[in-house]
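If you're matching positions, the sequence shown starts at 291 in the numbering used here and goes up one per residue.
Don't be surprised by glycine CBs; every beta carbon is placed ideally from N, CA and C.
Here's the structure, in structure tokens; my notes come after.
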Amino acid sequence: MGRLAIQSLWYWVCETGLKGASTSPRCSVRALISVKSSTYKQTLVKHIIGAIHPAPDPSVKTLAVDDDSAGQRLDNFLMRHLKGVPKTHIYRIIRSGEVRVNKGRASADQRIEAGDLIRIPPVRISAQVQAKEDAPAPAREFEVLMEDEALIAIDKPAGVAVHGGSGVSFGVIEQLRRARPASLNLELVHRLDRETSGVLLIAKKRSALKHLQDQFRDRETGKTYLALVLGLWPSNKKVIDVPLFKYTVATGEGEGERRVKVVGKDDPNGQRAITLVRVARTVGPYSLLEVTIKTGRTHQIRVHLASQGHAIAGDDKYGDFEQNKQLQKLGLKRMFLHAWQLKFQHPVSARPVTVKAPLPAALQQFIDSVQPPIQA
């Protein structure tokens, strides 16, 4: 068999594969190119490049968003359809661009709409991870501030994540679903940082979820927090309108740690963030602030207050670390940030609703220890 015939045979093997062949088509191509003479090398490479068209991976799935799923965040949608897949892996395939919405890249917090096409790549997890993820979250009820047929407002304790992910196996929503198996559509309306306590809203119906999330997106809600900051806050400093930029710091554990910083108003990567501040009272060398956010950026209050030279007491990410050590000795074991009040329009009756969560006992005790209440 001549040289050209041999090359044709090998080209056919690479294109269709021979029964009983021990090497993959890709390996065969590489072997051919490495051993054949330069006379035919260029021609063969040209043919191969032009001829090979890998078939679509059959394990890639494309899901169409139905009316019931419209309005959900992309990450929540994927968690519902990728049962048993670690949440950290779900966020990874979103960030890498392997998940596509209508053929385009998307972020975890993107709201999906009815008719959207979601591309989901093949996902493989080890049996050990599968077993861990399959372990159910422990059932837990939380203090209920308000509840009706459409929603639940709970008082989230500090130290509890609102949902699993990023090294956390489960959070409020998984525990609440476990405690209420008859409630099939429990969904988080918004989020709070793990170390922040206070009002957290959960929808019991898809229609309520969409209505409430629309209000949050359109900034029609009123979210006010109580924050204790270091130093005396200037009474004339009432508005912080400074853009924020979110980035990731490598931690050596693969996932990285989310961080946020203030940037200039002309920074194209900055997101506008508006925070309103009112001094509720001074507490010894500290200021207790009522903080209302007009935008819902990640770590907005923490970064905005720290950028003004008044970090939140106990904030281990943006705070004063030496001061935090002293605060721990004085009895403050957590960040002093509490989601105190939430105002919104009821998704069914359209009436205005105000929900308040009292200051946790540990935070009130710290205030009293620094500045005891005046006895009548």
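- Residue Q590 holds the alpha-carbon nearest to the alpha-carbon of K536 among L474, H501, Q590.
- Around the beta carbon of R481, 16 or more other beta carbons sit within 10 angstroms, so the residue counts as buried.
- For P637, the closest C-alpha among the options H501, I602, A469 is that of H501.
- By DSSP's assignment, F535 forms a beta bridge with K551.
- For the options Y515, G405, K607, I383, the alpha carbon positioned closest to that of R395 is the one of I383.
- In this structure R624 is in contact with E485, their Cβ atoms being roughly 6 Å apart against a cut-off of 8 Å.
- Counting the other Cβ atoms within 10 Å of the Cβ of L522 gives fewer than 16, which makes it exposed.
- By alpha-carbon distance to L435, the top candidate from R470, V660, V645, L653 is V645.
- Nearest C-alpha to A427 among I442, V462, G405, D445: V462.
- Sixteen is the threshold: when 16 or more other Cβ atoms of the shown chains lie within 10 Å of the Cβ of Q503, as they do, the residue is buried.
- Within the model, the alpha-carbon separation for L499 versus I402 is close to 13 Å.
- With distances taken between CA atoms, K619 lies nearest to V660 out of S597, T582, G599, V660.
- Here S487 carries a strand assignment [DSSP, helix/strand/coil].
- Taking C-beta separations shorter than 6 Å and ignoring five residues to either side along the sequence, the partners of F432 in its chain run I444, following chain order.
- In the DSSP assignment, M369 falls within the alpha helix (DSSP H) that extends over 364-371.
- The beta carbon of V529 is closer than 8 Å to those of I564, T565, L566, V567 in its chain, skipping five residues each way along the sequence.
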